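**Student:** Going by my numbering, the first residue of the sequence shown is number 673, and it counts up by one from there.
Just so it is clear, CB atoms sit at the ideal spot from N, CA and C, and this is done for glycine as well.
Note that this is a predicted model, so its numbers are computed, not measured.
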Amino acid sequence: MNRIKGARRGWLRNAALAVLSAGLLASGTANAQSAPKEVRIGFQKYGTLVILKARGTLEKRLAEKGIEVKWTEFPFGPPLLEAINLGSLDVGTVGEAPPIFAQAAGADLVYIGYEPAAPAAEALLVPKDSPLRSVAELKGKRVAVAKGSNANYLLVKLLENAGLKYGDVEVSYLAPADARAAFESGRVAAWSIWDPFYASAEKQLGARVLADGKGAVANHQYYLASRAFAEKHPDIVTILIEEIDRVDQWGAQNPKEVAKFIAPLIGVDLPIAETAAGRLGYGIKPVTPAVIAAQQSIADRFFELKLVPKQIRVSDALPREVRR
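(1) Determine the contact status of L896 and I756, defining contact as a CB-CB distance below 8 Å.
(2) Looking at the structure shown, is G1001 part of a helix, part of a strand, or coil, going by DSSP?
(3) How is A883 classed by DSSP in three states: helix, strand or coil?
(4) Please classify G923 as buried or exposed, where buried requires at least 16 other C-beta atoms within 10 Å of its C-beta.
(5) Quick check on the burial criterion: 16 or more other C-beta atoms within 10 angstroms. Buried or exposed for T910?
(6) Would you kindly work out how many angstroms separate the C-alpha atoms of Q921 and I934, rounded to a whole number?
(7) May I have the straight-line CA-CA distance separating E946 from E856, to the nearest angstrom?
(8) Considering only the alpha carbon of each residue, which of K813, L846 and G820 lies closest to D840?
(9) For the structure I just gave you, are there three or more beta carbon pairs, one from the region 830-839 and one from the region 801-816, closer than 8 Å?
(10) Let me know the secondary structure DSSP gives V763 once reduced to three states.
(11) Exposed or buried, Q893, counting other C-beta atoms within 10 Å across all chains shown (16 or more means buried)?
(12) Take every Cβ of the region 953-966, pair it with every Cβ of the region 737-746, and state whether three or more of those distances are shorter than 8 Å.
(13) My parser needs the alpha helix (DSSP H) runs of 4 or more residues fully inside the region 837-907; what are they?
(14) Could you check whether the region 962-980 touches the region 791-803, counting it as contact only if at least three pairs of C-beta atoms, one from each stretch, sit closer than 8 Å?
(15) Please name the residue, chosen from V919, I964 and S821, that lies closest to K725 on a Cα-to-Cα basis.
(16) Looking only at DSSP bridge pairs, what is A945 linked to?
(17) Do you know whose CA, among V722, L758 and P751, lies nearest R899's CA?
(18) Pairing CB atoms from the region 848-863 with CB atoms from the region 928-943, are three or more of them under 8 Å?
(19) When DSSP labels each residue in this structure, what does Y954 get in the three-state scheme?
(20) Helix, strand or coil for K742? Go by DSSP, reduced to three states.
(21) Per DSSP, which residues does L781 bridge with? Please list them.
(22) For K978, does the count of other Cβ atoms within 10 angstroms reach 16, so buried, or fall short, so exposed?
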């Protein structure tokens, strides 16, 4: 078993470097003299990075190189990627939509990995006493969602699947905390949201699921780095990928333990953390052409809806030497 696990870690390392290094290591900048004093990582109340932070294994690995880890929490993906673009973060994790909005805004980012699909981890919610029973009934109603988030794309797809246009609903672009307040007060008829906010609304408010992501979206989580950081420190990126992989393998087998770790970290009750952890996708993989093609489809749809200012080529966010 240890041999299998070792082989898998070796495959991940080689695959990641195949994507990241075709010239990165050859640049000669990845050496001890250029090692950063700290690695700045952005995380959300969701995903493997929360678990990695709780377990502290990355800190131990990087301490051997004299590198500290600085963690910063973000309410959702777009501001996290903006921080990477502005140079105040090195690496972070977001959903499918935020990298598209970031690229359209001119951010120079690199995809370094992704997690398996988790379509059940986000949903379109209505209050427990709402008369609405189908997405089609949302026509003319107000819906809250964080702009540029995975839940934004979920809303697009669910409306399309129900035969509605995006303009058939009145969209209120709100960050999760503000959206919850609007949802509780009745100022919006529905809320498109992801875990653990989704699980929290279910457990605490009795919110009802109008539709989740199953059959509509993949809801992948992506790891991205600033291009400058990825090109200068591919060895650090590799260590990060290896530690994420170890945590993923542990988390997939121990969802209840995951919940115990993350509940105090993200400030939710244990039952909420257990529900959210059970809907996660575990198992980091290198980004492939098929994944990039799926991202391109999302980008094209956002452009058609004029939600992003320009058309982008998602493959531009791959390392220069392997762009397609």
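**Tutor:** Short version:
(1) yes
(2) What the structure shows of the chain is the stretch from 673 to 996, and residue 1001 is not part of that stretch, so it cannot be assessed.
(3) strand
(4) buried
(5) Counting Cβ neighbours within 10 Å, T910 comes out buried, since at least 16 surround it.
(6) 16 Å
(7) Rounded to the nearest whole angstrom, the CA to CA distance from E946 to E856 is 23 Å.
(8) K813
(9) yes
(10) strand
(11) Label assigned to Q893: buried.
(12) no
(13) 848-857, 869-877 and 899-904
(14) no
(15) V919
(16) Paired residues: none, contrary to the question.
(17) Comparing Cα-Cα distances from R899 to each of V722, L758 and P751, the minimum goes to L758.
(18) Judged by Cβ distances under 8 Å, the region 848-863 makes no contact with the region 928-943, as fewer than three pairs qualify.
(19) coil
(20) Looking at K742 - three-state DSSP - the assignment turns out to be strand.
(21) S898
(22) exposed
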